[in-house]
Structures are given as structure tokens and as C-alpha cells.
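Residue numbers (our numbering): 1 to 708.
Even glycine gets a Cβ: it sits at the ideal position worked out from N, Cα and C.
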Amino acid sequence: MIMANARDCDIHDNPEFFFNRELSWIKFNRRVLGEADVKHKPLIERLKFIAITSSNLDEFFMIRVAGLKHQFESGINKTDAAGLTVRQQLASIAEDTHELVKLKYRYLKNILKELEGADINFADINSLDDRVLEWVENYYNNTIFPVITPMAVDAGHPFPFLANRSLNLAVFLGRERGETHAAVIQVPGVLPRIIEAPSEGSKRQFVFLEDIIKHYCAHLFHGFIIKDIVPFRITRNADLSIDEEDAEDLLAEVEKSLRQRKRGQAVRLEIGKTNNKQLKELLVQTLNIEEQDVYEIPGPLDVTCFFKFSEAPGLEHLRYSPMGPQLAQDLIGSDNLFEALRERDILLHHPYESFEPVVEFVRQAAWDPKVLAIKQTLYRVSGNSPIVKSLAQAAENGKQVTVLVELKARFDEENNILWAKRLEEAGCHVIYGLVGLKTHAKMILVVRQEQDGIKRYVHMGTGNYNDATAKLYTDLGLFTANDQFGADASAFFNVLSGYSDPPVWNKIVVAPLGLREKIKELVDREIEFATGGRGGRIIAKMNSLVDKDIVLKLYEASCQGVKIDLIVRGICVLRPGVAGVSDNITVRSVVGRYLEHHRIFYFGNGGNERVFLSSADWMPRNLNERVELFFPIEDLNHIKRIKDILEISLTDNQKAYIMKKDGTYRRVDKRGKMVNSQLEFYAEAQAAVQVQNITIEQRLKPLYKRAE
């Protein structure tokens with residue numbers, strides 16, 4: 001079926017051709033949770049996926065559900081692309097999430113049972129022997145009791161305000177005469193949530209902090225009988241509302257909003273299993289929350305605590321074997337980063353190849369006497385960032401250092417405020433970007449005085465300048481000394497730091513001005529090739545596909561015969577495989593050991609293949625409300641290498657899911673040659689080093705000279 005464009009088949013406003021983004025996200029989190037049920041995966045790694053699922057759900061409620069509730073309360077009840085009203089979305093979210101939570105605790109129960117078989121026991125405090133119980137009681141008296149505070153709830157003591165995501169105990173008390181009282185105990189977040197008690201033989205024993213408090217809290221209520229005690233946890237609206245137009249000091253405005261975040265409206269109540277309807281009603285009424293937003297939990301609340309537990313010593317045999325990052329293929333045989341860059345572009349594939357060259361790039365620039373200036377964007381960085389330290393050192397060494405710190409990077413605001421202050425104190429010129437736009441682009445520019453004049457060195461990437469997450473996220477980064485990229489980088493930072501209209505770019509494309517149009521132009525080009533008999537081909541890999549306009553353009557391309565393979569880790573509102581609309585489109589998702597994060601875009605271009613990398617997903621916020629980068633890969637070897645990455649991802653039959661046209665996902669058929677794309681990429685990185693006969697010692701350190 002060939003048609004002029006997608007609108008000719010009444011797709012534009014037809015909800016049958018779009019999925020709801022929130023329900024698609026829940027399906028993604030279901031795939032993440034599925035990793036907790038992979039029997040051959042090490043137990044602690046499975047436990048981590050329980051924690052990841054819980055952390056994801058927390059953020060989902062704090063931002064997405066909170067936003068929908070705000071729309072509903074404001075009287076906004078428009079339908080989305082899938083034809084659902086706000087009220088319908090909230091009801092469907094609640095239904096799907098309740099099922100997801102049940103499944104999560106079923107998997108957790110299985111994992112804890114298997115851990116017990118491995119001599120790791122999460123003990124019921126009542127089952128501990130006298131020796132261990134005495135230790136626990138001493139821990140309570142010496143460590144817990146001095147910190148906790150019981151808070152009465154009555155006419156003279158209103159229900160206390162409880163911070164977002166805090167864990168609490170609701171206590172119902174009575175006397176012999178029969179009157180009932182209520183109290184709340186906040187489980188102190190300053191203490192370890194999971195406490196290791198003395199072992200019994202070879203068996204290690206752990207207890208939850210709230211269980212210890214429950215066991216001994218009668219000491220807090222002398223003269224009363226404890227009738228019931230139930231853990232509960234509140235999730236609040238945490239979306240920041242910042243008026244940038246009227247803000248004289250954006251940093252101060254963000255700090256103010258962060259204080260308000262802790263006090264947002266309640267959007268979810270998690271409560272331990274209880275038959276006490278009175279207690280449950282008290283919480284529901286006090287928090288003004290709907291019944292569908294109450295989650296009765298058949299196990300420990302807030303299992304994000306397993307992140308910390310997974311790092312405990314002595315559990316190495318229950319974790320993955322280490323897969324250390326390798327030397328970058330393009331840097332083998334080089335001993336100076338700037339010299340290597342003058343010869344060729346350098347491509348890095350993280351986490352399979354080390355992020356250290358990026359760290360060293362900034363460190364070397366900080367100490368190199370020939371370097372005049374460093375400019376960099378920072379969106380999310382680690383808590384002890386070596387890159388930030390090098391930027392500060394560069395300023396202290398007298399170099400011109402400009403750093404764009406994105407203060408509005410969600411849930412990294414406090415960290416970024418601290419870094420912004422530290423950089424300013426060191427003498428860096430710190431900027432916060434353009435009013436109303438988040439800067440999500442990833443770029444470093446180093447300006448160096450050389451014998452033949454000024455030379456610019458540029459790094460751009462698909463992921464953050466975060467040395468910690470670079471070990472966990474899959475991303476691509478490009479180093480280049482190409483003059484046109486250098487000119488674009490200078491102009492880019494001028495736009496961000498001053499009053500400068502966007503120029504005509506040589507190489508890069510920048511959102512929100514031009515990226516949407518560029519994507520559609522590239523798709524139109526493939527349509528021309530397809531209708532001209534030369535075949536049209538698109539492979540796009542990203543985190544999320546939500547933008548309706550782009551989806552319509554992909555439908556149009558499919559109708560015209562362009563073959564499109566989409567690798568979308570998370571949300572996807574496009575419906576694949578619909579006859580006459582999207583029968584030339586496939587959608588798959590890869591969920592594995594590492595978080596799939598790179599954004600790669602391949603266009604067949606009639607045989608003259610074009611490949612682009614980007615910081616942007618195909619979402620309205622990325623294309624309309626953020627400063628993003630989209631840049632071409634021009635080295636033929638790099639184009640081939642990136643195409644191989646895409647093709648291996650498309651053949652993954654171990655960690656990939658295929659989306660069906662009803663929006664559900666099925667695991668890819670595992671028959672045939674086993675392909676785990678992430679393991680393939682790591683093996684490729686190892687092989688490149690081994691071919692060059694690099695020694696073990698050399699693999700563990702950079703091949704280029706440190707500047708200091």
C-alpha cells in the first residue's frame with residue numbers, strides 16, 4: 001500500500017495507531033523486572049533489578065503520575081495520542097502498576113529464599129536465638145533508640161508532616177479501659193536500613209531496621225498496649241516548578257524549589273499488609289489520597305535499600321564476574337591524546353572501552369601550558385567527579401574555563417548546585433544555559449596554541465560526563481580535531497553563554513532549532529530512494545520514541561516502502577506491524593547487564609551510508625524544550641563499526657524483546673546461534689587489545705602520557 005503521506009490514511013488523529021506513553025513505560029519497567037527472574041543470573045544481580053524497578057517506580061510517581069494528577073485537578077482532561085483522558089490514564093496506570101508490584105514481590109520472595117540457600121538470611125527477628133537477640137537489643141538501645149522520636153497523633157498533636165520517600169511506622173495504642181490512640185515513628189534514614197547481626201555458623205544474618213524498631217518500640221509508649229504497628233511510605237510530587245523568566249538568580253531559585261520538593265502533594269501510599277481498616281483509613285484521609293493509589297506491600301517497603309546491600313563485602317561469589325573496560329581501539333599505539341587526534345578522529349564505545357580517555361582529556365588540558373581555554377557542558381556528573389576537579393584546576397592554573405552546569409537536571413539538582421559553587425570559587429565562568437531550556441547536549445572544547453596557530457579539539461557524546469555511570473551505561477563518544485567541528489563547537493558555546501543567534505552550522509545540528517526538521521529531511525531522503533527503486537533503510541537506536549510528529553513521518557516512510565528497524569530501550573508509542581501503515585517497521589528493546597543508552601541513527605542514503613550520534617531521544621521534550629546535539633560520523637571505519645553495533649543489536653537473541661502490534665513484548669526466539677549483544681561488544685573490545693599484544697599492565701593504564 002503506497003500513499004503520499006501518513007495523513008492520507010487517517011493516521012494523524014487516529015488513536016488506534018499510538019500507544020500511551022505512561023503504559024509503555026510500565027511495560028519497559030516490566031522488562032527490567034524480568035531480569036530479576038532470570039535463573040542463571042547471579043543472585044545479587046537479580047536483587048539489584050528488584051531495586052532498579054523500585055527506584056524507577058518512585059521517579060515515575062514523583063514526576064509522571066504527579067503531573068497527570070495536577071492536570072486532572074486543574075480541570076485539564078484532554079486526550080492523549082492514544083485517545084485516553086487523564087482520568088483514564090491514571091486508572092490504567094494504577095491497574096498495571098498494582099500488577100507490577102505484585103510480580104516484584106513474588107520475584108523478591110523467590111530471590112530471598114534462594115539467598116537463604118546460599119547462607120544469606122533475612123531473619124524474622126522473633127526467630128533469632130538468645131545470643132543474637134541480645135546483640136540486636138544492644139544495637140537498638142545504643143544506636144537506634146537515641147535517634148528515633150515517637151510522634152502522637154491527636155487533637156493536640158496534628159498528623160506530622162512526613163518527607164517524600166521517608167519510611168515510617170504507624171502505631172495504634174490502647175489502654176486497658178479501651179480508648180485507642182495513634183502515633184507515628186519515622187524510621188531514621190541516617191542509619192543503615194539493613195543490619196548484619198552475628199552469624200549462626202556459616203549463615204550470615206541480616207535484619208531490617210524497621211523490624212528492630214517494631215520489636216522494641218513498646219519501650220517508647222510506657223503505660224500503653226501496642227495493638228498494631230504497620231510500616232508505610234509516602235511518595236510526593238517532586239516536579240520542580242521554576243519561573244526562569246522572572247528569576248534573578250537561577251541557582252537560588254532552584255535551591256528554593258528543592259526545599260519545596262520534599263513537601264509536595266502525596267501521590268502514592270505504600271503500606272504493609274494489615275487488617276486494620278481504621279489505620280489505613282487514617283492514612284488515606286490524612287494524605288488525601290485515592291484508594292487506587294494505595295499499595296499494600298507483602299514484604300519490606302522501599303527495596304531500593306538492596307542497592308547498598310549489594311555492595312556488602314563477602315558477596316562477590318553472588319555477583320557478576322568483573323568485566324573491566326578495555327583500551328579504546330583507536331588509541332592503541334598512541335602515547336599522546338592530542339597527537340593522536342591530529343591524525344584521526346577517535347571513537348569510544350562505553351562501557352566496553354574505558355571512559356578514562358575523556359577524563360584524561362580534561363586533566364591533560366588543565367595542565368598543558370599550550371592550552372588556552374576549556375569549555376564544557378555538564379548535565380549529570382559523579383559525586384566525586386575527576387572531570388570537575390580538572391576544570392577547577394585548569395581555572396586555578398590561569399586558563400579560560402567556561403562550564404555550563406545544568407541546574408535543572410532532574411534529581412541531580414543538589415549535586416550540580418554544589419559543583420557550580422565549587423567551580424565558581426576556583427575561577428571558572430559558570431553559566432546555566434538558555435532561559436526555558438535544559439541543556440542536555442554533551443560537548444567539550446579545548447583550545448590549544450600550536451606551532452601552526454590555534455587548534456580546537458572537541459569531544460561529543462551520547463552520554464553524560466559521569467565516570468561512575470560510564471561503567472554501567474552503553475554510550476558512544478567522538479573525539480575530533482576537525483576544523484569545522486571546532487568552529488561549530490566555538491559557536492555553540494557562544495550561543496549558550498551570550499546573546500548570539502544560532503549560526504549556520506558546518507556539521508552539527510542543534511535542538512530546539514533545526515533538529516526536528518533535520519530528522520524529517522533524512523527520513524524524506526529515504527522515502528525518495530525507496531520510491532525511486534533504490535531501497536530506503538533506517539535503523540534508529542534510542543531510549544524513548546514519543547514524538548507524534550516523528551512517528552507520523554516514520555509511518556509515512558513505511559507506507560512508501562522504507563525498511564525501518566527501531567531499537568528502543570524504553571517508551572515507544574509507535575505501533576509496529578500494522579498492515580498498510582507500519583508493516584515495514586520493527587521495534588525491539590534490549591535489557592541486559594548494562595543500561596542501553598546510546599542514540600544512534602543510520603540512514604542507507606542510496607548506498608552512501610550516513611550515521612549520526614545524538615544526545616537526544618525522539619521525544620517532544622528533547623526536540624522542543626532542550627538544547628541537544630546531533631552530529632555526523634564521517635570516518636568510514638567508524639561508520640562500519642557503528643553499523644556493526646546496530647546489526648549485532650538487531651541479532652541479539654538473549655536479551656532482546658520484540659514489540660508486537662498490540663503493544664506487548666515477547667522475548668526474541670533463542671534458537672540458533674546465541675548472540676548476547678553486550679557480551680559481543682565486550683569480546684570485541686578485548687580482542688582489539690589482544691591483537692596488538694598489549695600486556696596486562698598496559699591494559700590497566702592509559703597508553704597516553706599524563707600531563708601532570
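Check: Among A118, V611, Q329 and R46, the one whose alpha carbon lies nearest that of R106; Outcome: R46
Check: Local conformation of Y379 per DSSP, three classes; Outcome: coil
Check: Neighbour flag for S310 against chain B, beta carbons, 9 Å; Outcome: No chain B is part of this structure, which consists of one protein chain only.
Check: Rounded straight-line distance, which links the Cα of P322 to that of S92; Outcome: 41 Å
Check: Complete alpha helix (DSSP H) runs within the stretch 92 to 127 (minimum length 4 residues, chain order); Outcome: none
Check: For S589 and F621, the rounded distance between their alpha carbons; Outcome: Looking at the sequence shown, residue 621 is not Phe but Arg. Using only the alpha carbons, I get a separation of about 21 Å.
Check: Status (buried if at least 16 other CB within 10 Å, exposed otherwise) for Q690; Outcome: exposed
Check: A468 - DSSP class collapsed to helix/strand/coil; Outcome: coil
Check: As assigned by DSSP and simplified to three states, the class of I213; Outcome: helix
Check: Limits of the beta strand (DSSP E) - the one that A197 falls within; Outcome: I194 to E200
Check: Buried versus exposed, by CB contacts within 10 Å (16 or more), H219; Outcome: exposed
Check: Strand pairing of E628, partner residues [DSSP]; Outcome: A511
Check: CA-to-CA distance, Q71 to D549, given in whole angstroms; Outcome: 23 Å
Check: W135 versus F206: straight-line alpha-carbon distance, rounded; Outcome: 12 Å
Check: Element boundaries [beta strand (DSSP E), containing V230]; Outcome: I225 to R236
Check: Distance between G398 and I519 (C-alpha atoms, nearest Å); Outcome: 41 Å
Check: Nearest residue (CA-CA) to P188, options R204, E196, A163 and F479; Outcome: A163
Check: Exposure label - N584; buried when at least 16 CB within 10 Å; Outcome: buried
Check: Validate contact between the stretch 74 to 93 and the stretch 343 to 361 using beta carbons, cut 8 Å, 3 pairs; Outcome: no
Check: Per-residue DSSP class, three states only, for E450; Outcome: strand
Check: Those residues which DSSP pairs with A540 across a bridge; Outcome: L566 and F601
Check: Any alpha helix (DSSP H) of 4 or more consecutive residues that is wholly inside the stretch 127 to 174; Outcome: 130 to 139
Check: DSSP beta-bridge partners of I297; Outcome: G272
Check: Cα-Cα separation, L554 to T664; Outcome: 20 Å
Check: Bridge partners - T664, DSSP secondary structure assignment; Outcome: Beta-bridge pairing links T664 to no other residue.
Check: Burial state of A489 (16 or more Cβ within 10 Å); Outcome: buried
Check: Within 9 Å, strictly: CB atoms of T469 and S382; Outcome: yes
Check: Where A81 sits in the DSSP three-state scheme; Outcome: coil
Check: Run of the beta strand (DSSP E) containing V405, from where it starts to where it stops; Outcome: Q400 to V405
Check: Cβ separation of L714 and K375, assumed to be a contact under 8 Å, to the nearest whole Å; Outcome: For the chain, the structure presents residues 1 to 708; residue 714 sits outside this window and is missing.
Check: Alpha carbon of G333 to alpha carbon of P300, nearest angstrom; Outcome: 52 Å
Check: Residues of its chain near N464, where Cβ-Cβ distance is below 6 Å and the 5 sequence neighbours each way are ignored; Outcome: Y379 and R380
Check: Bridge-paired residues (DSSP) for E179; Outcome: E179 pairs with nothing; no bridge assigned.
Check: Y473: first and last residue of the uninterrupted beta strand (DSSP E) it sits in; Outcome: Y473 to T480
Check: Neighbourhood of A688 by C-beta, 6 Å cutoff - its chain only, sequence neighbours within 5 removed; Outcome: Q329
Check: Identified DSSP bridge partners for E596; Outcome: T474
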